[in-house]
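For reference, the structure is listed below as structure tokens.
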Amino acid sequence: MIPAKDPAGPWSEAIWLPFEGIDPSLYWEGGKAYIVNNRAPNQPSRYDGLRAIWVQEYDWRAGRMVGPSTQIVNGGVDLATKPVWIEGPHLLRHDEYTI
């Protein structure tokens with residue numbers, strides 16, 4: 001994370017966050033921030049390329065992760081089709097739904 005008061009800068013030094021995986025994305029809801037990212041599932045992989053999407057609260061004021069991470073997607077809709085490398089997760093709020 002590299003915070004700044006203005007998107008044009010100046011930027012602070014990088015804050016390295018202690019989470020596994022790739023493709024972190026910020027999600028904001030109700031005054032809280034969350035990191036959504038891709039990493040290995042919480043059980044042994046059934047096949048090569050199986051990945052999961054995880055979410056964890058991020059205290060943006062303190063620059064640290066809060067509480068446990070939660071796996072919200074494991075591989076995709078139909079694991080029988082062996083989907084691989086789900087990447088680039090983003091959560092968005094639309095009316096009463098988070099998509």
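Per the numbering used here, the sequence shown starts with residue 1, numbered consecutively. Glycine included, C-beta positions come from ideal geometry on N, C-alpha and C. Everything numeric in this text was worked out from a predicted model, so none of it was measured.
Closest residue to Gln56 among Ile99, Ala33 and Leu50 (Cα-Cα distance):
Within the sequence shown, residue 56 is the residue found at index 56, counting from 1. That would be Ala33, whose Cα lies nearest to the Cα of Gln56.
By how many angstroms is the C-alpha of Val77 removed from the C-alpha of Asp6?
Taking the sequence shown and counting its residues from 1, one reaches residue 6 at position 6. Taking the sequence shown and counting its residues from 1, one reaches residue 77 at position 77. Answer to the nearest angstrom: the Cα atoms are 39 Å apart.
Enclosing beta strand (DSSP E) for Asp23 [first to last residue]:
Reading the sequence shown from its first residue, position 23 is the one you call residue 23. From DSSP, the beta strand (DSSP E) with Asp23 extends over Ile22 to Glu29.
What does the alpha-carbon distance come out to for the pair Gly75 and Met1?
For the purposes of this step, residue 75 is taken as the residue at position 75 of the sequence shown. For the purposes of this step, residue 1 is taken as the residue at position 1 of the sequence shown. Those two C-alpha atoms are separated by around 26 Å.
Three-state secondary structure assigned by DSSP to Ala80
For the purposes of this step, residue 80 is taken as the residue at position 80 of the sequence shown. Helix, per DSSP.
Does any residue of chain D bring its CB to less than 7 Å from the CB of Tyr47?
Given the protein chain composition of this structure (a single chain), no chain D is represented.
Out of Ala14, Met65, Gly30 and Glu20, point me to the one whose CA is closest to Ala40's CA.
Within the sequence shown, residue 40 is the residue found at index 40, counting from 1. It is Glu20.
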